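Here the structure comes first, spelled out in structure tokens, and everything after it is commentary.
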Amino acid sequence: MDSRSSAIVASSPSRQEIELYCLVLEARRISCLITSNHDGLYHLVVAPNDLGRAQAELDAYIQENSNWPPAVPRVTTVPGSWEPTVFIIGSLLILYAITGEWRQDSLWFDRGAGDAQAILDDGEWYRLLTSLTLHADLSHLIGNCIVGGFVLYHYLGLVGYGVGSFAVLTSAVAATLANIILRGGNHYFVGFSTAVFATIGLLAAYQIVNRRKILSPGAVAPLLAALALLGMLGGSGVRTDLGAHLFGLLAGIGGGGIVAFATRKGIAPAMQPLLLLTTIFIVAIGWIVALN
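Below, the structure is given as structure tokens:
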């Protein structure tokens, strides 16, 4: 094709863009040529009798790809997640300083540790709450505080400190109850790790719901991370329960989906402190009943 007897169909300072347009035209069997001159632009030229069809093809291509790639949904954060996270993790540390590690003669563990038989047969349901706040030893505590503090901070920042705290507690309690019912037999358990895995599940569900594509990398990544953590941490430590961790993850995913849908359009600001106080009150009542 002689560029002197050709018509310019597109111009751009980007050679890559013009090369892309050239590929579009060639795919439609329209001959084209890329030229440049002293104006700093690259020009895509075609035969004069192909100008109309070439322009129509490029217009159609640009129109079809005007919204590609799709924008990634912006994740909005709720202020005030740092203080509640410090409060929750700090409370676990303070309680451990009072109770110490698991001992047979400890009043705290005797009254507050998870005991499947006492819960199901004797109706001591408060143990579903109190067991989450006790830890078998220092390494058990530190691991839960580090991982738990990290995931709590991020989740509370997404849904709010009140909604998030209440969701974590209810998911962890539901997971613990499901585990002891399905596992059967009598066993003992303590630790915040069920709540940690519930929080990971809550985070994964939030990503899936808000990205609207279950198999997108951004949605799958938290779930894969959760499964990896379950494999690495789920069965480690004294008096820990792999089943409870797995149920924590599943309960978090289920509850997280509900929370994510419910909070899509926002939540009344007054609900955040109300739900946080409700969460604290429920745990406090659990311990009051346990010790009396």
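Sequential numbering from 469 applies to the sequence shown in our numbering.
Quick reminder that beta carbons are idealized off the backbone N, C-alpha and C, glycines included.
The structure displayed is predicted, hence computed values, not measured ones.
C-alpha distance - residue 571 paired with residue 594, whole-angstrom precision:
Their Cα atoms are separated by approximately 20 Å.
Between the Cα of residue 631 and those of 648, 486 and 743, spot the shortest distance and give me the residue it belongs to.
That would be 743, whose Cα lies nearest to the Cα of residue 631.
For residue 522 and residue 676, what's the separation of their Cα atoms in angstroms?
Approximately 42 Å between the Cα atoms of the pair.
Between the Cα of residue 650 and those of 636, 603 and 584, spot the shortest distance and give me the residue it belongs to.
In this structure, 584 is the residue among 636, 603 and 584 with its C-alpha nearest to the C-alpha of residue 650.
Do you know offhand how far residue 489's Cα is from residue 534's?
The alpha-carbon atoms of residue 489 and residue 534 are separated by roughly 14 Å.
If you count every other CB in all the chains shown that lies within 10 Å of the CB of residue 506, and 16 or more means buried, which is it?
Around the beta carbon of residue 506, fewer than 16 other beta carbons lie within 10 angstroms, which makes this residue exposed.
Measuring only the C-alpha atoms, how far is residue 562 from residue 624?
The straight-line gap from Cα to Cα measures roughly 21 Å.
Counting pairs of Cβ atoms below 8 Å between the region 631-640 and the region 731-750, do you hit three or more?
Contact holds between the region 631-640 and the region 731-750, because three or more Cβ pairs, one in each stretch, are under 8 Å apart.
Taking the continuous alpha helix (DSSP H) assigned at residue 504, which residues delimit it?
From DSSP, residue 504 is part of no alpha helix (DSSP H) but of the beta strand (DSSP E) over 500-504.
Between residue 480 and residue 509, is the Cβ-Cβ spacing less than 8 Å?
Yes.
Beta carbon of residue 728 nearer than 8 Å to that of residue 656:
With a cutoff of 8 Å on beta-carbon distance, residue 728 and residue 656 are scored as not near each other.
Per DSSP, which one or two residues make a beta bridge with residue 512?
Looking at the DSSP output, residue 512 bridges to 478 and 502.
Quick one: is residue 552 buried, meaning 16 or more other Cβ sit within 10 Å of its Cβ, or exposed?
By the neighbour-count rule (16 or more Cβ atoms within 10 Å), residue 552 is buried.
CB-CB under 7 Å to residue 757, same chain, minus the five flanking residues each way: which ones, in chain order?
Counting only Cβ-Cβ distances below 7 Å, and skipping sequence neighbours, we find 594.
Under 7 Å Cβ to Cβ from residue 598, same chain only, skipping five residues before and after it: list those, please.
580, 754, 755 and 758, listed in sequence order.
Comparing alpha-carbon positions, which option in 750, 614 and 482 lies nearest residue 641?
When each option's Cα is compared against that of residue 641, the closest is 750.
Where in the region 574-641 do unbroken runs of the alpha helix (DSSP H), each at least 4 residues long, occur, reported from the N-terminal end onward?
As far as the region 574-641 is concerned, its whole alpha helix (DSSP H) runs of at least 4 residues are 575-580, 584-588, 595-598 and 606-627.
Sorted by chain position, which residues of the same chain lie with C-beta nearer than 6 Å to residue 567's C-beta, five sequence neighbours on each side aside?
Only 576 meet the Cβ criterion.
Identity of the residue in 529, 612 and 520 nearest residue 556 by Cα
Closest option to residue 556, Cα to Cα, is 612.
Inter-residue Cα distance where the pair is residue 692 and residue 669
Going by C-alpha positions, residue 692 is about 10 Å away from residue 669.
Where does residue 555 sit, in a helix, a strand or coil, going by DSSP?
Reduced to three states, the DSSP call for residue 555 is helix.
If I follow the unbroken alpha helix (DSSP H) through residue 521, where does it start and stop?
Start and end: 519-532.
Nearest-angstrom beta carbon gap, residue 664 and residue 627 [assumed within contact, 8 Å]
Wrong, their Cβ atoms sit about 17 Å apart, outside the cutoff.
Candidates 653, 695, 607 and 648: closest to residue 666 by CA position:
Ranking 653, 695, 607 and 648 by Cα distance to residue 666 puts 695 first.
Identify the residues that DSSP records as bridge partners of residue 657: which are they?
Answer is 582, bridged to residue 657.
Should residue 517 go down as buried or exposed, given a rule of 16 or more other Cβ atoms within 10 Å for buried?
Label assigned to residue 517: exposed.
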